[in-house]
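This report refers to the structure that appears directly beneath it.
Protein chains: 4
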Amino acid sequence: MAYTHPYRIRFGDVDHAGVAFYPRLVSYCHLAYEDFFAEELGLPFHEQFITHRWGSPVVRLEGNFQAPLSHGDRMEIEVRVLELGRKSVTLRYNLKNLSKKTEAAVIDVTHCYVSMGDFDSIEIPEPIRQGLEAYQKRCT
Amino acid sequence: MAYTHPYRIRFGDVDHAGVAFYPRLVSYCHLAYEDFFAEELGLPFHEQFITHRWGSPVVRLEGNFQAPLSHGDRMEIEVRVLELGRKSVTLRYNLKNLSKKTEAAVIDVTHCYVSMGDFDSIEIPEPIRQGLEAYQKRCT
Amino acid sequence: MAYTHPYRIRFGDVDHAGVAFYPRLVSYCHLAYEDFFAEELGLPFHEQFITHRWGSPVVRLEGNFQAPLSHGDRMEIEVRVLELGRKSVTLRYNLKNLSKKTEAAVIDVTHCYVSMGDFDSIEIPEPIRQGLEAYQKRCT
Amino acid sequence: MAYTHPYRIRFGDVDHAGVAFYPRLVSYCHLAYEDFFAEELGLPFHEQFITHRWGSPVVRLEGNFQAPLSHGDRMEIEVRVLELGRKSVTLRYNLKNLSKKTEAAVIDVTHCYVSMGDFDSIEIPEPIRQGLEAYQKRCT
């Protein structure tokens with residue numbers, strides 16, 4: 003089963019229109035990303051970064067926003083592996099509005115990997131690849 | 003000539019790696035968007051929203067990130083009209099790193115228009131369409 | 003017993019130095035504030051705002067920061083009622099770093115109350131006062 | 003004369019009530035802080051941090067908020083040195099709402115200095131002290 007990250011839209015997230023400001027929806031994905039690695043794969047992001055000096059900059063982002071998320075709405079962010087290459091991975095985030103029973107947004111984020119010393123591109127580190135592959139199997 | 007919005011990457015914008023966190027690059031586009039309407043088209047965003055009750059939610063977002071923006075880097079966000087439909091407009095933001103002489107990112111953002119009372123879809127309001135069309139001509 | 007809000011410092015929260023940027027510590031307090039009202043007092047903040055049209059702008063803020071919160075640290079925000087007046091309330095937030103076993107920060111935030119129609123000052127609405135008074139008793 | 007940093011309250015800064023969310027007012031101070039050092043003292047913050055490895059964590063924060071800043075308001079942040087010690091400095095930020103002709107907020111922020119290698123406390127680095135002292139004289 004796919005990992006889901008629960009969230010409730012708070013006052014500080016919404017704009018003058020009372021709906022979540024779209025750059026914030028992108029931030030939520032990073033929140034889900036970090037917690038997915040820590041809780042589902044057992045690879046806390048800060049250890050990847052601090053201990054192993056692996057960075058995972060975003061190279062591509064695609065988002066489709068179908069329905070607004072309003073102040074107080076409960077949502078759920080489902081994380082899936084859309085494409086797993088040798089040097090990059092694309093994760094898909096489905097933002098579901100549980101309060102309104104709508105699909106709020108689908109956001110695909112592609113990360114490559116770099117060594118933090120020189121920011122040079124590297125292959126996806128082995129423990130991360132293994133974790134992502136095992137997760138893909140669990141999801142299907 | 004295309005409108006450009008200047009910005010310098012500040013401490014509060016960068017992450018642990020010292021580079022601008024990608025959801026923040028999306029926020030910069032909204033900054034450029036608001037200032038483009040106010041300064042280039044003479045249609046301040048808060049008047050659109052407060053006086054006319056027009057909303058312009060984002061329905062689609064596509065970003066390609068080519069090079070990191072680091073703490074202290076000066077950048078420039080160039081705004082262009084990529085596609086102007088009857089009910090939606092896609093703006094392209096070119097984020098240029100002036101300090102490093104690199105193209106940092108290209109981000110396309112599609113807005114539709116709604117009336118704020120009921121959030122119902124409307125055609126692009128006439129003054130906005132005229133402003134965008136005239137701007138397109140000035141740019142070519 | 004005092005209400006506590008758990009939080010883990012994430013990549014998107016830390017700055018170039020790897021520690022939580024101080025304006026973000028203030029944001030965490032608002033997060034704890036909203037969840038405290040929803041979970042502990044049963045008065046969801048968005049209902050106060052949307053249904054009752056009560057606003058609670060901050061009039062005073064005082065923070066003392068004793069120890070940094072680093073990327074990956076687990077923390078806990080304890081919420082206490084420091085002073086409950088007729089028209090304003092001061093809440094104290096103790097930010098405890100569970101990973102490092104340090105007191106990270108103490109932040110006091112004073113809210114007054116206004117009616118959202120005209121932004122005129124009002125007394126603390128009765129259900130909120132009762133909730134806060136009962137909570138004070140539970141805490142001592 | 004005191005250094006002032008101009009700013010306009012944008013859509014992405016305001017909350018559901020249409021006024022700037024208070025943690026964001028604190029962020030504005032950091033914006034003014036960075037630009038004050040770069041533009042007024044000629045000591046760009048990223049050079050302090052990256053070249054010299056000086057950090058300046060905030061140890062104390064005190065804010066008084068007198069009047070709301072609304073979407074579209076033009077403001078000005080005036081920076082003054084309130085207290086200059088051997089190891090810490092307190093800067094005062096006066097947030098003036100130029101559109102409404104009100105004093106919106108006064109925020110005092112105390113920074114200490116640390117060497118980034120070990121986060122050990124250090125005296126205010128000499129170039130910074132000199133810059134701040136000279137600025138204090140220019141202001142009176």
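In the order they appear, the protein sequences are chains A, B, C and D. Mapping of the first sequence onto the working numbering: residues 3 to 142, in sequence order. Mapping of the second sequence onto the working numbering: residues 3 to 142, in sequence order. Mapping of the third sequence onto the working numbering: residues 3 to 142, in sequence order. Mapping of the fourth sequence onto the working numbering: residues 3 to 142, in sequence order. We put the beta carbon where it would ideally sit given N, CA and C, even for glycine. If you're wondering where the values come from, they're calculated on a predicted model, not measured in any experiment.
Residue span of the alpha helix (DSSP H) that contains residue i, given as start and end
i	result
residue 26/C	24 to 37
residue 100/C	No alpha helix (DSSP H) holds residue 100/C; DSSP gives it neither H nor E.
residue 135/D	128 to 141
residue 52/C	47 to 52
Closer than 9 Å to chain B by CB, residue i
i	result
residue 73/A	no
residue 44/A	no
Residue i at chain C interface by Cβ criterion, 9 Å
i	result
residue 101/D	no
residue 1/B	Absent from the model: residue 1/B. The displayed extent of chain B is 3 to 142, so no value can be given.
residue 51/A	yes
residue 96/D	no
residue 109/D	yes
residue 129/D	no
Pairwise C-alpha distance: residue j and residue i
i	j	result
residue 50/A	residue 116/A	11 Å
residue 65/B	residue 90/C	45 Å
residue 56/C	residue 79/D	29 Å
residue 67/B	residue 17/B	16 Å
residue 27/A	residue 9/A	11 Å
residue 83/A	residue 21/D	39 Å
residue 144/B	residue 123/A	Any property of residue 144/B remains undetermined from this structure, which presents chain B solely from 3 to 142.
residue 7/B	residue 134/C	47 Å
residue 59/A	residue 86/B	32 Å
residue 11/A	residue 81/B	30 Å
residue 35/A	residue 94/B	27 Å
residue 54/B	residue 92/B	21 Å
residue 48/D	residue 111/D	19 Å
residue 141/B	residue 5/B	8 Å
residue 126/C	residue 132/C	10 Å
residue 61/B	residue 120/A	37 Å
residue 37/B	residue 139/B	19 Å
residue 88/B	residue 109/A	25 Å
residue 24/C	residue 77/B	25 Å
residue 69/A	residue 118/D	45 Å
residue 97/B	residue 30/B	9 Å
residue 3/A	residue 136/A	12 Å
residue 129/B	residue 19/B	43 Å
Residue-level contact to chain A via CB, residue i, 9 Å cutoff
i	result
residue 106/B	no
residue 65/B	yes
residue 48/C	yes
residue 62/B	yes
residue 87/B	no
Residue-level contact to chain D via CB, residue i, 9 Å cutoff
i	result
residue 120/A	no
residue 39/C	no
residue 133/C	no
First through last residue of the beta strand (DSSP E) which encompasses residue i
i	result
residue 41/D	No beta strand (DSSP E) holds residue 41/D; DSSP gives it neither H nor E.
residue 123/A	122 to 124
residue 11/C	That residue, residue 11/C, is in no beta strand (DSSP E); it is neither H nor E in DSSP.
residue 63/B	60 to 67
residue 84/B	76 to 86
The ligand MN heavy atom lying under 8 Å from the CB of residue i
i	result
residue 103/B	No copy of the ligand MN occurs in the structure displayed, which carries no ligand at all.
Closer than 9 Å to chain F by CB, residue i
i	result
residue 42/D	No chain F appears in this structure, whose protein chains are A, B, C and D.
(Q) So if I threshold CB-CB distances at 7 Å, which residues from the region 8 to 35 of chain C count as touching chain A? (A) 12, 13, 14, 29, 32, 33
Q: Tell me, please, whether the region 34 to 43 of chain A touches the region 68 to 76 of chain A by the rule of three or more beta-carbon pairs shorter than 8 Å.
A: no
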